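Notes follow the structure.
Protein chains in written order, with the UniProt record's numbering: chain A, 1 to 112; chain B, 1 to 293.
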């Protein structure tokens, strides 16, 4: 539980940092336009911040959302038993001895 | 399963019902008891799931002959969806549970007339034939049904069961193969098919059974029944008139299956000193020789 809370904090931090990187990039371009310099590429610190915060966001989302599903198709099937697999709800018949357990059961009086 | 009804909240019951619905367990008595004890007053809270729960309760109530509950739930659904064919099916099921089969079939025929593509009422008609004990008619009708709805796995399995009831194992095996095509990863289907082949007997069929048992074990190494089946097949083949190299191989495989089975039972047993008990049983029966002639 504690580590999940920590993951959530990191996730929020990661998103904030990602937004901050985007904001810095926009700022950098305005700065270039104002000083009339040529656009070549983003400075290294902004690229690094983007990549690192993206990693943090991806990792923490995976931690928070839940466990992975098995990739092997047979694992899901292993837990099944014939009791449930061999039971067909659309072919139920009701004329069995279970009826005798009903509180209103009267032997040999089927037409009511 | 024993459930403490008083300690369960309505959301626990809802989750339990959902689990039973998804894995299609029958549990009719438990469903009715939980419904009466907990969920009946709280069903409004479950939102859209309510209708599914009501349907589940109706079937369970009919299964345990609680017509009062079934009628109440059907009424609720009917008020919400007047004229729905799905609700009409439950009315037919009620008649069926009351053993008024002719009127049930009338209702079902009316549903089919309104919607020819509706599979459920056709299946109910087959279930009625089964309930009346007309197994051959049910087989005929189910074959006609499967010509129209070929991808219905449930129906193929049911047809397999009906054929087995008649002792027509070859046809039952065909149906099971059809089911196998739909789920090639299910160890239980492989195991079932192997069991049918083993029941048919004969060298060829038992060899096929051995193959299917092996595949079942490959898909799920913990399948004890398949391990024992493999052991039975192999020990049959080892004592048969097959080629001697084949017999030796079967002997080895039988040994392996028995070892695996004993490892699994030793790991999962809840009996203390199980090994001692088995050893004493072995020594008691050691002098006994059973011959089948």
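By construction, the Cβ of each residue, glycine as well, lies at the ideal position given by its N, Cα and C atoms. This one's a predicted model, so the numbers in the text were calculated from it and none came from an experiment.
Taking Cβ-Cβ distances shorter than 8 Å, what residues in chain B pair up with residue 8 of chain A?
Result: empty, since nearest Cβ-Cβ is about 24 Å, beyond 8 Å.
Decide if the region 179 to 191 of chain B is in contact with the region 129 to 149 of chain B; the criterion is three or more beta carbon pairs, one per stretch, under 8 Å apart.
No contact exists between the region 179 to 191 of chain B and the region 129 to 149 of chain B.
Let me know the alpha helix (DSSP H) ranges lying completely inside the region 4 to 45 of chain B, each 4 residues or longer, listed in chain order.
As summarised for the region 4 to 45 of chain B, the continuous alpha helix (DSSP H) elements at least 4 residues long and confined to that stretch are 10 to 23, 28 to 34, given in chain order.
If I follow the unbroken alpha helix (DSSP H) through residue 95 of chain B, where does it start and stop?
Per DSSP, residue 95 of chain B belongs to the alpha helix (DSSP H) from 85 to 97.
Between the C-alpha atoms of residue 35 of chain A and residue 23 of chain A, what's the straight-line distance to the nearest angstrom?
Using only the alpha carbons, I get a separation of about 19 Å.
Given a cut-off of 7 Å, decide if residue 93 of chain A and residue 127 of chain B are closer than it, judged by their beta-carbon atoms.
One thing to note: residue 127 of chain B has its Cβ within 7 Å of the Cβ of residue 93 of chain A.
Would you say residue 229 of chain B reaches chain A, if we count a Cβ-Cβ gap shorter than 7 Å as a contact?
Not one chain A Cβ lies under 7 Å of residue 229 of chain B.
Which listed residue (A/83, A/97, A/103) has its alpha carbon closest to that of residue 192 of chain B
For residue 192 of chain B, the nearest C-alpha among the options comes from A/83.
Determine whether the beta carbon atoms of residue 169 of chain B and residue 194 of chain B lie at a separation below 7 Å.
Taking 7 Å as the Cβ cut-off, residue 169 of chain B and residue 194 of chain B do not qualify as a contacting pair.
Applying the criterion that 16 or more other CB atoms from any shown protein chain within 10 Å of the CB defines a buried residue, is residue 271 of chain B buried or exposed?
With fewer than 16 neighbouring CB atoms inside 10 Å of its own CB, residue 271 of chain B falls in the exposed class.
Which same chain residues end up closer than 8 Å to residue 164 of chain B when comparing Cβ atoms and leaving out the 5 residues on each side of it in sequence?
Sequence-distant partners of residue 164 of chain B (beyond 5 residues in either direction) whose C-beta falls short of 8 Å from its own C-beta, in its chain, are 172, 196.
Which two residues bound the contiguous alpha helix (DSSP H) that contains residue 82 of chain B?
Neither: residue 82 of chain B is in no alpha helix (DSSP H) and is coded neither H nor E.
Starting from residue 140 of chain B, find everything on chain A with Cβ-Cβ shorter than 9 Å and list it in chain order.
Neighbours of residue 140 of chain B on chain A: none; closest Cβ ~15 Å, over 9 Å.
Three or more C-beta pairs closer than 8 Å, one from the region 217 to 225 of chain B and one from the region 260 to 267 of chain B: is that the case here?
Verdict: yes, contact present.
Boundaries of the alpha helix (DSSP H) in which residue 161 of chain B is found, first to last residue
Its alpha helix (DSSP H) spans residues 153 to 166.
7 Å Cβ cut-off: residues of chain B touching residue 80 of chain A:
Listed along chain B, the residues sitting closer than 7 Å to residue 80 of chain A by beta-carbon distance are 188.
Min CB distance residue 1 of chain B to chain A below 7 Å:
Because the pLDDT at residue 1 of chain B is just 49, under 50, the model does not fix this residue reliably, and the value given afterwards should be weighed accordingly. Proximity of residue 1 of chain B to chain A, defined by a Cβ-Cβ separation below 7 Å, is not satisfied.
Identify the contact partners of residue 59 of chain B in chain A, using a Cβ-Cβ distance below 8 Å as the criterion.
Residues of chain A passing the Cβ test: 89, 92.
List the residues of chain B that residue 98 of chain A touches, going by C-beta distances under 9 Å, in chain order.
Correct list: 28, 29, 63, 64, 65.
Give the DSSP-derived three-state secondary structure of residue 222 of chain B in the structure shown.
In this structure, residue 222 of chain B counts as coil in the three-state DSSP scheme.
Roughly how far, in whole angstroms, is the beta-carbon of residue 108 of chain B from the beta-carbon of residue 138 of chain B, given that I think they are within contact range, below 8 Å?
Going by Cβ atoms, the distance from residue 108 of chain B to residue 138 of chain B rounds to 14 Å, so no, they are not a contact pair.
Inter-stretch contact at 8 Å, needing at least 3 Cβ pairs: the region 42 to 52 of chain B / the region 9 to 21 of chain B:
Yes: at least three Cβ pairs fall under 8 Å.
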